[in-house]
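Numbering (the numbering used here), first residue to last: 16 to 323. Yeah, the Cβ is synthetic: ideal placement off N, Cα and C, and Gly gets one too. Here the structure is a predicted model, which is why all the values come from computation and not from measurement. Worksheet: one structure, shown below.
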Amino acid sequence: MARQEINLGTAPTGAGGDTTRSAAAKMNAMSTELYTALGGATGTLPSALPIAKGGTGVTDGRAIFTEVGVQGASGRYNIQGLYAGWNAAGLGEGHFIVNKGNGDGGFSWRSVNAGNTAGGPAMTYSYDGILKVTTVSASGVAVGTLAVSNEVSVELPVRGIRCRTGVSGAYTAQSYNLNWTGSNVDVYIGATYVGTMTLFGSDYRFKKYIKDAPKTSYLDRVDAYRIVTYQRKNFGDVFKGDDVVYQGLIAHEAQAVNPLAVTGEKDGLGEDGQPRVQQLEPMALITDLMGAVKELRAELAALKAAQV
């Protein structure tokens, strides 16, 4: 209904105005409409104005709304708190601003369960501009892309890198890491060291104390290497067996022949308790063969000289 105004009549007696009853009737009619509009069901107003009626639904100042719209720039964020705004730069953009006061500042986003008794991992963005995301997933798209504007100086410290068998293949359960030791690249699958990349850099500029290898019988050394065939078996968390037959050496046996031909130690463990497997040093084995060839050539030259 339209607002009903009580007719006060002519001053000072009120002649011609509403009677006490008619004035009270108008007040009753308007208050009834207000109570009905504000959700009063039994003649009482709710303790908090309902959300559906444009209120907050609460009495403690912690407002709850079904939707919040912001159509102006936030310009009063000189007091600590969180502020939201729109179109500050005239480009139709939204913005969130935190006045950190005496704290650390930054933003945090996370999800909680229905009872707010447990929460998922948080994504944070610090005052210094550091974004931390627990997990990045590009599921549901052909290729996930991480785009940055200053590629030259960006370094990404990641827990591990997961790969797959081609762009249409499935991702494996294990991630890998590469660690530069200063001279080689150690390779880890998950937390397990699986070997070192063989790099054949041989520039004199990163070598020192260069001297001829000790005199030895390379023929005897090569003869002492036990050549074996074998199949791989399951070992630790990442090594899996197969039915393929391989030919090669046993690391600790080769190490007993030439300590420089193998890295690591038999049954070695890393600082984390994970197995640290031994690995052959290809250049040591190659130069053992070169030394043996030199000895054979010398023996052949001696035989030819004896026949003259």
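Rounded to whole angstroms, what's the CA-CA distance from V323 to A316? Just pull it up for me.
If you number the sequence shown from 1, residue 323 lands on position 308. If you number the sequence shown from 1, residue 316 lands on position 301. Each residue's Cα considered, the two are about 11 Å apart.
Determine the direct distance from the alpha carbon of V148 to that of E268, and round the result to whole angstroms.
As a first step, residue 268 must be located in the sequence shown, where it is residue number 253. As a first step, residue 148 must be located in the sequence shown, where it is residue number 133. Using only the alpha carbons, I get a separation of about 47 Å.
At the level of alpha carbons, what is the spacing between V182 and V202?
Walking along the sequence shown from the start, residue 182 turns up at place 167. Walking along the sequence shown from the start, residue 202 turns up at place 187. Going from the Cα of V182 to the Cα of V202 covers about 23 Å.
Note down, in chain order, each residue of its chain lying with its Cβ closer than 7 Å to the Cβ of G116, except the 5 sequence neighbours on either side.
Translated into the one-based positions of the sequence shown, residue 116 becomes position 101. Result list for G116: Q95, in chain order.
Pairing CB atoms from the stretch 220-234 with CB atoms from the stretch 252-264, are three or more of them under 8 Å?
no
Opening and closing residue of the alpha helix (DSSP H) in which Y338 lies
The requested residue 338 is not part of the displayed model; the chain covers only 16 to 323.
Considering only residues of the stretch 176-252, which uninterrupted beta strand (DSSP E) runs meet the minimum length of 3 residues and lie entirely inside it, listed in chain order?
191-195, 200-204, 207-212 and 243-245
Anticipated Cβ contact below 8 Å, A276 with Q294, distance rounded
In the sequence shown, counting from the first residue as 1, residue 276 sits at position 261. In the sequence shown, counting from the first residue as 1, residue 294 sits at position 279. Their Cβ separation, rounded to whole angstroms, is 10 Å, which puts A276 and Q294 out of contact at 8 Å.
Would you kindly report the start and end of the unbroken beta strand (DSSP E) that includes Y140?
The residue you call residue 140 lines up with position 125 of the sequence shown. Residues M138 to Y140.
Are the CB atoms of S89 and A104 nearer to each other than 8 Å?
As a first step, residue 89 must be located in the sequence shown, where it is residue number 74. As a first step, residue 104 must be located in the sequence shown, where it is residue number 89. In this structure, A104 does not lie closer than 8 Å to S89 by Cβ.
Distance CB(Y140)-CB(G121) smaller than 8 Å:
Position 125 of the sequence shown holds residue 140. Position 106 of the sequence shown holds residue 121. It is a contact, given that the beta carbons lie within the stated cut-off.
Spatial distance of P274 from R247 (CA atoms)
Position 259 of the sequence shown, counted from the first residue, corresponds to residue 274. Position 232 of the sequence shown, counted from the first residue, corresponds to residue 247. C-alpha separation (whole angstroms): 24 Å.
What does DSSP give as the partner residues of N273 in its beta bridges?
As a position in the sequence shown, residue 273 is number 258, starting the count at 1. Note: N273 sits in no beta bridge, so no partner.
Paired residues, beta bridge with K110 - DSSP:
As a position in the sequence shown, residue 110 is number 95, starting the count at 1. According to the sequence provided, residue 110 is His. The question's Lys does not apply to it. DSSP, once it has assigned bridges, lists G100 as partnering H110.
Tell me whether E296 is buried or exposed, calling it buried when 16 or more other Cβ atoms sit within 10 Å of its Cβ.
Taking the first residue of the sequence shown as position 1, residue 296 is located at position 281. E296 is buried by the Cβ-count criterion.
Supposed close pair T207, D252 - CB separation, criterion 8 Å:
Locating residue 207 in the sequence shown gives position 192, where the first residue counts as 1. Locating residue 252 in the sequence shown gives position 237, where the first residue counts as 1. That belief holds up - the Cβ atoms of T207 and D252 are roughly 5 Å apart, short of 8 Å.
Let me know the alpha helix (DSSP H) ranges lying completely inside the stretch 35-89, each 4 residues or longer, listed in chain order.
35-53
Looking at A63: is its Cβ nearer than 8 Å to the Cβ of T74?
The sequence position of residue 63 within the sequence shown is 48, counting from 1. The sequence position of residue 74 within the sequence shown is 59, counting from 1. Contact: yes.
Per DSSP, which one or two residues make a beta bridge with Y30?
Looking up residue 30 in the sequence shown gives position 15. First, the amino acid is wrong: residue 30 is Ala here, not Tyr. DSSP lists T25 as partners of A30.
Taking L284 as the reference, which of S217, G210, M305 and A129 has the closest Cα?
Within the sequence shown, residue 284 is the residue found at index 269, counting from 1. When each option's Cα is compared against that of L284, the closest is G210.
Between which two residues does the alpha helix (DSSP H) holding G306 run?
Taking the sequence shown and counting its residues from 1, the one referred to as residue 306 is at position 291. Note, G306: alpha helix (DSSP H), P297 to Q322.
From which residue to which residue does the beta strand (DSSP E) around Y261 run?
Mapped onto the sequence shown, residue 261 falls at position 246. It spans Y261 to G263 - the beta strand (DSSP E) in which Y261 sits, taken as one unbroken run.
Exposed or buried, what is D303 when buried is set at 16 or more other beta-carbons lying within 10 Å of its beta-carbon?
The count along the sequence shown starts at 1 and reaches residue 303 at position 288. Answer is buried; the Cβ neighbour count reaches 16.
Residue range of the beta strand (DSSP E) that includes S123
What you label residue 123 is simply residue 108 of the sequence shown in a count that begins at 1. Start and end: F122 to W124.
Given A239 as reference, the closest of E280, V272 and K222 once Cα atoms are compared:
Taking the sequence shown and counting its residues from 1, the one referred to as residue 239 is at position 224. Nearest of E280, V272 and K222 to A239, Cα basis: V272.
Exposed or buried, which one is V85 when buried takes at least 16 other CB atoms within 10 Å?
Numbered from 1 along the sequence shown, position 70 holds the residue referred to as residue 85. Under this definition V85 is an exposed residue.
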